[in-house]
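Residue numbers (the working numbering): 25 to 310.
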């Protein structure tokens, strides 16, 4: 069914060069006002939404700035606590390090047959100058001292190569093979049975392991500070030249090889190649 002529309106669009006509249903022209009102309403609604969202964003930014300001104030009150906590942690770390070194020293001493010392009380020496140092400085100096002490104890011959009584001492004595003559005994002798362990008295490096004249089966070990220890008359050698050894390690077994009148362990300490009295190194107090 075709539309009536009254239902259609003609809109003429004129410009400089030509004229155009556009036919539109009359009902749309009558509703144009309503269309414009709807479009305006949508524009106003969108504009309101934009304004609202912008306001919300501004409020959020203000809250964020306020929160950051509060956090900054809180951080300002934290450093003292953090510093104190760090001091406590550092102090604990220093003390744990000190206790570890003391325990290592005790282990070295026990491996040599020496009694260790208590690690319950750790502190200064009462020096007034020390009181002027901070805790960190005091702990650091103490820790450095103990590090040197650990090295000294580890590499200095100390203690017993075997736990037993002594049968002969350092110095001149009657020649056991000829009582009419005297001889210089450059070490000390420990009583023992064949096969008993002979232990190293300090960390070091084996420089000789084999037959060594009157010493029979012999082990010589070089240590720090030009110290050397010698273990003679062994029935068996458990180390070889060039081997690194530690305090308390088994280096051989007691015997009666070489120039010997019976089963025992001959032990020497040498400094710069010269024999010194090992008695001075058996006790920590000496």
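Beta carbons: idealized from backbone N, C-alpha and C, even for Gly. Predicted, not measured: the structure shown is a model, and the values here were computed from it.
Comparing C-alpha positions only, which one of the options sits nearest to residue i?
i	options	result
residue 257	267, 283, 248, 249	283
residue 212	73, 293, 229, 251	293
residue 301	260, 252, 270	252
residue 228	170, 214, 241, 268	268
residue 276	266, 285, 289	289
residue 121	160, 81, 239	160
residue 9	220, 88, 210	The requested residue 9 is not part of the displayed model; the chain covers only 25 to 310.
residue 232	249, 214, 128, 255	255
residue 179	165, 96, 250	250
residue 123	307, 138, 91, 166	166
residue 129	274, 298, 114, 270	270
residue 298	194, 264, 198	194
residue 158	114, 74, 190	114
Between which two residues does the beta strand (DSSP E) holding residue i run?
i	result
residue 257	251-261
residue 242	241-246
residue 274	274-278
residue 298	298-300
residue 231	228-235
residue 184	No beta strand (DSSP E) contains residue 184, which DSSP labels as neither H nor E.
residue 136	Here residue 136 belongs to no beta strand (DSSP E), and DSSP marks it neither H nor E.
residue 223	221-223
residue 307	Counting along the chain, residue 307 falls outside any beta strand (DSSP E), and DSSP gives it neither H nor E.
residue 214	212-215
residue 295	288-295
residue 191	190-192
Report buried or exposed for residue i, applying the criterion of at least 16 other Cβ atoms within 10 angstroms of its Cβ.
i	result
residue 245	buried
residue 133	buried
residue 225	buried
residue 135	buried
residue 261	buried
residue 42	exposed
residue 77	exposed
residue 291	buried
residue 65	exposed
residue 70	exposed
Closer than 7 Å by C-beta to residue i: which residues in its own chain qualify, once you throw out the five before and the five after it? Chain order, please.
i	result
residue 12	Any question about residue 12 goes unanswered here, given that the chain covers just 25 to 310.
residue 296	250
residue 192	209, 212, 213
Could you please give the first and the last residue of the uninterrupted alpha helix (DSSP H) stretch that includes residue i?
i	result
residue 177	159-179
Sorted by chain position, which residues of the same chain lie with C-beta nearer than 8 Å to residue i's C-beta, five sequence neighbours on each side aside?
i	result
residue 237	282, 283
residue 68	none
residue 145	At residue 145, the pLDDT of 46 sits below 50, so the modelled position is not reliable; the number obtained from the coordinates is stated separately. Nothing listed; no residue qualifies.
residue 240	256, 257, 258, 279, 280, 281, 282, 283, 284
Keeping to the same chain, check which residues put their C-beta closer than 6 Å to that of residue i; ignore five residues upstream and five downstream.
i	result
residue 172	none
residue 137	183, 184, 187
residue 163	118
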